[in-house]
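Heads up: the sequence lines are chains G and P, in that order. Counting in UniProt numbering, the first sequence tops out at residue 389, every number present. Counting in UniProt numbering, the second sequence tops out at residue 138, every number present.
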Amino acid sequence: MDEVLLRSLTPVVLTVLVRRGADFAAAEDAVQDALVEALRVWPADPPRDPKGWLITVAWRKFLDATRADAARRRREDRVEEEPAPGPAPAVDDTLQLYFLCAHPSLSPASAVALTLRAVGGLTTRQIAAACLVPEATMAQRISRAKRTVSDVRFDRPGDVATVLRVLYLVFNEGYSGDVDLAAEAIRLTRQLAAAVDHPEVAGLLALMLLHHARRAARTAPDGSLVPLAEQDRGRWDTALIAEGVGVLQAALARDRLGEFQAQAAIAALHADAPTAEETDWVQIVEWYDELARLTDSPVVRLNRAVAVGEADGPRAGLAALAALDGSLPRHAAVAAYLHERDGDLATAARLYAEAAHKAPNLAERDHLTRQAARLNGRLKTRRNARRNP
Amino acid sequence: MAKYLLLKHYRGAPAPVNDVPMDQWTPEEISAHVQFMHDFAARLEKTGEFVDGNALAPDGMWVRYDGEGRPPVTDGPFAETKDLIAGWMIIDVDSQERAVELAGELSAAPGAGGKPIHEWLEVRPFLAETPSTTECPH
């Protein structure tokens, strides 16, 4: 069974129900029920018209739920009649769904969950597994999110930037369990790019494609992190890179630069280098300058310091770093890297150990601990050589 | 979306404001305390922030490997000085501020006289299992 096809039909079916007069929360529940039934029935008995099947079943689920709800008995008359099939939903409807699920009144976690369910067509169980929380908790998170947006007008356009932030969060949730949220984020961003003509949507899509292209090379078979410079570039997905670069170039040509396009441009320059040594760091620094103008984020300036260290030497990188707040996440890791490049192994080893202590996840902590151990090993060998010449 | 562990201590934490041992409470006060803990977990499930939680018995022992073919070595009961965990709750929240806010509410659980215990709770962020999807160039 083609689960991706099933999921891609979700927003279409949902908007059909909403246009027939169902309120969003009830329609969304009905579509979810229909999806769960499709997952059960389709493998043995695939429908000839999957979309028609889903609309029919979802509508029936909606009617059943409405009927079962005694308090809503009066409404029954209004929805009892099977309505004439409306025209195919316009792409604008799907776009409205993105806006609603990323509505600013929702917390980031709720917006992510609602987007994955209502736009992505994932089941509550899958979303819970991907976010490593119990299914009951995720079910509550989603119904609460739906209550939060229940008064939001479905026909009011929203801000694309909020949608992009949510999709980027989904992308960064990564992959755990059987649901690949990075791939799902790409699918949803692709779908959004088809519905709306916006250079930053293209920029985000390009950024995701370019990062995703390196995924296989980013971890060793034992699960440890492989830094960019040490990655086997032969394992990068050239088709994804070509697509990402193409999407980015078309966006940049429109001369409406934004944060995601600038980030994608940096990712593209890395992807473009046949070896780490051939990376065009000077251009990367220029893009970081551009990015700093657009966002003024300390994280950007931290990454810029790394790029400056590569373009103009570690001393220049350390000078750029000196201007930044030492409590920034990954500050110690960057300082360690630049000190090692500058030949000060003792300081680098100490900073790597400090960075490991502050690492936000296990893979990074193990990686940084290994870096500290590697340098401490070299320092020990050096001391022993001095003692026994 | 980050997970935090809220740890409650039998001992090892700084003294709470309402520092009366539980066995000195009235049965009603104990019931009110237990009810508060249940309600707190139920409320977090409703807000979509609850992951897991449980209480631990105060008894336990140290266990370690003692070499191939030998049974593990055990040592116990714990010394009076050992920091002792009484229970834990895992929450999945949007920010550290939210984790602190919830821990503060949990610390207000009623104790002797039905007044908040003001007990010190340990709040520990989880190290995420998976690395982020993007990397820094170092």
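All C-beta atoms in this analysis are idealised placements derived from N, C-alpha and C, irrespective of residue type, glycine included.
Beta-carbon contacts of residue i that lie in its chain and below 6 Å, excluding the five residues immediately before and after
i              : result
residue 244(G) : 206, 209, 210
residue 102(G) : 111, 162, 163, 166
residue 336(G) : 348, 351, 352, 355
residue 93(P)  : 49, 99
residue 201(G) : 192, 193
8 Å Cβ cutoff, residue i in contact with chain G
i              : result
residue 53(P)  : no
residue 37(P)  : no
residue 42(P)  : no
residue 45(P)  : yes
residue 103(P) : no
residue 6(P)   : no
residue 127(P) : yes
residue 99(P)  : no
residue 1(P)   : yes
residue 50(P)  : yes
Own chain residues within Cβ distance below 7 Å of residue i, not counting five before or after
i              : result
residue 84(G)  : Its pLDDT being 49, under 50, residue 84(G) is placed unreliably by the model, and nothing is read from it.
residue 138(G) : 113, 124, 127, 128, 131
residue 317(G) : 305, 306, 308, 309, 338
residue 343(G) : none
Anticipated Cβ contact below 8 Å, residue i with residue j, distance rounded
i              : j              : result
residue 10(G)  : residue 121(G) : 3 Å
residue 99(G)  : residue 21(G)  : 20 Å between Cβ atoms; not a contact.
residue 363(G) : residue 174(G) : Actually they do not touch by this definition, with Cβ atoms about 10 Å apart.
residue 226(G) : residue 217(G) : 6 Å
residue 331(G) : residue 294(G) : In fact, because the Cβ distance is near 22 Å, the residues do not count as touching under 8 Å.
residue 4(P)   : residue 91(P)  : 5 Å
residue 292(G) : residue 300(G) : 5 Å
residue 196(G) : residue 95(G)  : 6 Å
residue 258(G) : residue 326(G) : That belief does not hold up - the Cβ atoms of residue 258(G) and residue 326(G) are roughly 30 Å apart, past 8 Å.
Boundaries of the alpha helix (DSSP H) in which residue i is found, first to last residue
i              : result
residue 37(P)  : 27-46
residue 59(G)  : 50-68
residue 312(G) : 298-312
residue 272(G) : 259-272
residue 295(G) : 281-295
residue 187(G) : 181-195
residue 19(G)  : 3-19
residue 125(G) : 124-131
residue 64(P)  : Where residue 64(P) is concerned, there is no enclosing alpha helix (DSSP H), although the beta strand (DSSP E) it sits in stretches over 62-64.
residue 138(G) : 135-148
Three-state class that DSSP yields for residue i in the structure shown
i              : result
residue 117(P) : coil
residue 56(P)  : coil
residue 254(G) : coil
residue 361(G) : strand
residue 244(G) : helix
residue 16(P)  : coil
residue 111(G) : helix
residue 171(G) : helix
residue 108(P) : coil
residue 99(P)  : helix
residue 50(P)  : strand
residue 100(G) : helix
residue 324(G) : coil
residue 84(G)  : Its pLDDT being 49, under 50, residue 84(G) is placed unreliably by the model, and the measurement read from it follows with that caveat. Correct three-state label for residue 84(G): coil.
residue 356(G) : helix
residue 128(P) : strand
Unbroken beta strand (DSSP E) run spanning residue i, endpoints
i              : result
residue 9(P)   : 2-11
residue 33(G)  : Where residue 33(G) is concerned, there is no enclosing beta strand (DSSP E), although the alpha helix (DSSP H) it sits in stretches over 24-41.
residue 122(P) : 122-125
residue 84(P)  : 84-93
residue 215(G) : Segment 215-218 is the alpha helix (DSSP H) holding residue 215(G); no beta strand (DSSP E) there.
residue 74(P)  : 73-75
Below-8 Å beta-carbon distance, residue i vs any chain P residue
i              : result
residue 298(G) : no
residue 115(G) : no
residue 140(G) : yes
residue 285(G) : no
residue 365(G) : yes
residue 119(G) : no
residue 109(G) : yes
residue 131(G) : yes
residue 319(G) : no
residue 240(G) : no
residue 349(G) : no
residue 60(G)  : no
residue 391(G) : Here chain G has residues from 1 to 389 only, and residue 391(G) is not among them.
Other residues of its chain near residue i: CB distance less than 8 Å, five sequence neighbours each side excluded
i              : result
residue 28(G)  : 14, 117, 118, 146
residue 51(G)  : 9, 12, 13
residue 376(G) : 349
residue 283(G) : 269
beta-carbon residue i near the ligand ADP non-hydrogen atom, thresh 7 Å
i              : result
residue 106(G) : The model on display carries no ligand, and the ligand ADP is accordingly not part of it.
Minimum Cβ-Cβ distance from residue i to chain B less than 8 Å
i             : result
residue 94(P) : Here the protein chains are G and P, and chain B is not one of them.
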